[in-house]
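Residue numbering for the sequence shown follows my numbering, beginning at 8 and increasing consecutively.
Think of the CB as a built atom: it goes at the ideal place given N, C-alpha and C, for glycine as much as any other residue.
Inspection log for the structure reproduced underneath, given as structure tokens.
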Amino acid sequence: MVLGKGGFGSVCKGSLKEKVPFKKSRKRRIAVKKLDSDSKQGLRQWQIEVGFLKKLSHPNIVKLLGYFQEEENRELLIVYEFMEKGSLNYHLFGKRSNQQLPEETRLMIATKLAQALSYLHSMDRPIIFRDFKTSNILLDESYTPKLSDFGLAKWGPNDGTSYVTGNVMGTHGYVGPEYKTGGLRAIDKKTLA
8 MVLGKGGFGS VCKGSLKEKV PFKKSRKRRI AVKKLDSDSK QGLRQWQIEV
58 GFLKKLSHPN IVKLLGYFQE EENRELLIVY EFMEKGSLNY HLFGKRSNQQ
108 LPEETRLMIA TKLAQALSYL HSMDRPIIFR DFKTSNILLD ESYTPKLSDF
158 GLAKWGPNDG TSYVTGNVMG THGYVGPEYK TGGLRAIDKK TLA
């Protein structure tokens, strides 16, 4: 079952057989992202995403369960925990958009996302997410949000400088104005997006 498609691949629902102590086994639902290996950008984003997710551990960042690169068929897969409620985008703008999320849930989502961004920005070497948008925020069964899709993420400066330059990446409408106009991004621990 296809859960979604993006610029460099698609995400499908799957299951993984797990051994559980004192039980035979159980099936765990997973999400499998298959990236377009025909493009250099697809391979690059796969490498970036796997590289970052292997290093990160936070309750509001999607958990990497595994990854696979097969040279012969040029297949690139990333396996994540399955997020039961889908994307925040679906709840705000999709078929469920007529059923508004309760105010407490919206505040909890905003708070948890701020904590995830703070975690990324306060690492020894900060991580700039660069694709913060509702379709990259996934919700578990209790609406706990998790950041996903680290393919455009970038290391921030670790030399004390407060600015990063580079190509403007991300989705128009979600990119900060100071970044969009010149590729210059202020790194300020008080700024969470």
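Reference Asp147, options Asn105, Met8, Ile37, Lys47, closest by Cα: As a working mapping, residue 147 is identified with position 140 in the sequence shown. Nearest C-alpha to Asp147 among Asn105, Met8, Ile37, Lys47: Ile37.
Distance CB(Leu159)-CB(Lys153) smaller than 8 angstroms: As a first step, residue 159 is located in the sequence shown; it is residue number 152 there, counting from the start. As a first step, residue 153 is located in the sequence shown; it is residue number 146 there, counting from the start. Contact: no.
Is Asn105 near the ligand MN, going by C-beta to nearest heavy atom under 7 angstroms? This structure does not include the ligand MN; it has no bound ligands of any sort.
Measuring straight from C-alpha to C-alpha, what distance separates Asn80 and Trp53? Translated into positions along the sequence shown, residue 80 becomes position 73. Translated into positions along the sequence shown, residue 53 becomes position 46. Roughly 16 angstroms separates the two Cα atoms.
Please list the terminal residues of the continuous beta strand (DSSP E) segment that includes Tyr6. The chain is shown only over 8 to 200; residue 6 falls outside these bounds and no answer can be derived.
If distances are taken between C-alpha atoms only, which option among Ile85, Leu108, Glu88, Ala121 comes closest to Tyr97? Indexing the sequence shown from 1 puts residue 97 at position 90. Tyr97 has its Cα closest to that of Leu108, out of Ile85, Leu108, Glu88, Ala121.
When you compare the CB positions of Lys70 and Glu56, do they come within less than 8 angstroms of one another, or not? In the sequence shown, the residue the question calls residue 70 occupies position 63. In the sequence shown, the residue the question calls residue 56 occupies position 49. No. Outside cutoff.
Since His65 and Tyr126 are thought to touch, with beta carbons under 8 angstroms apart, how far apart are those beta carbons, to the nearest angstrom? For this step, residue 65 is matched to residue 58 along the sequence shown. For this step, residue 126 is matched to residue 119 along the sequence shown. Correct: roughly 5 angstroms between the Cβ atoms.
DSSP three-state call for Val18: helix, strand or coil? Locating residue 18 in the sequence shown gives position 11, where the first residue counts as 1. Three-state result, Val18: strand.
Burial state of Asp156, where buried means 16 or more other Cβ atoms lie within 10 Å: The count along the sequence shown starts at 1 and reaches residue 156 at position 149. The residue is buried, with at least 16 neighbouring Cβ atoms inside 10 Å.
So, helix, strand or coil for Leu42, using DSSP? Walking along the sequence shown from the start, residue 42 turns up at place 35. Three-state result, Leu42: strand.
Please state whether the Cβ-Cβ distance between Leu50 and Leu83 is less than 8 angstroms. Here residue 50 refers to the residue found at position 43 of the sequence shown. Here residue 83 refers to the residue found at position 76 of the sequence shown. Cβ distance < 8 angstroms, so Leu50 and Leu83 count as in contact.
Whether Gly21 touches Val39 by CB criterion (8 angstroms): Translated into positions along the sequence shown, residue 21 becomes position 14. Translated into positions along the sequence shown, residue 39 becomes position 32. Yes, Cβ-Cβ distance for Gly21 and Val39 is below 8 angstroms.
In the DSSP output, what is Lys12 paired with across the bridge? Position 5 of the sequence shown holds residue 12. According to DSSP, Lys12 bridges with Ser17.
Distance CB(Gly73)-CB(Asp43) smaller than 8 angstroms: As a first step, residue 73 is located in the sequence shown; it is residue number 66 there, counting from the start. As a first step, residue 43 is located in the sequence shown; it is residue number 36 there, counting from the start. In this structure, Gly73 keeps its C-beta atom at 8 angstroms or more from the C-beta atom of Asp43.
Hey, quick one: how far does the beta strand (DSSP E) through Glu88 stretch, first residue to last? In the sequence shown, residue 88 corresponds to position 81, counting from 1. Its beta strand (DSSP E) spans residues 82-88.
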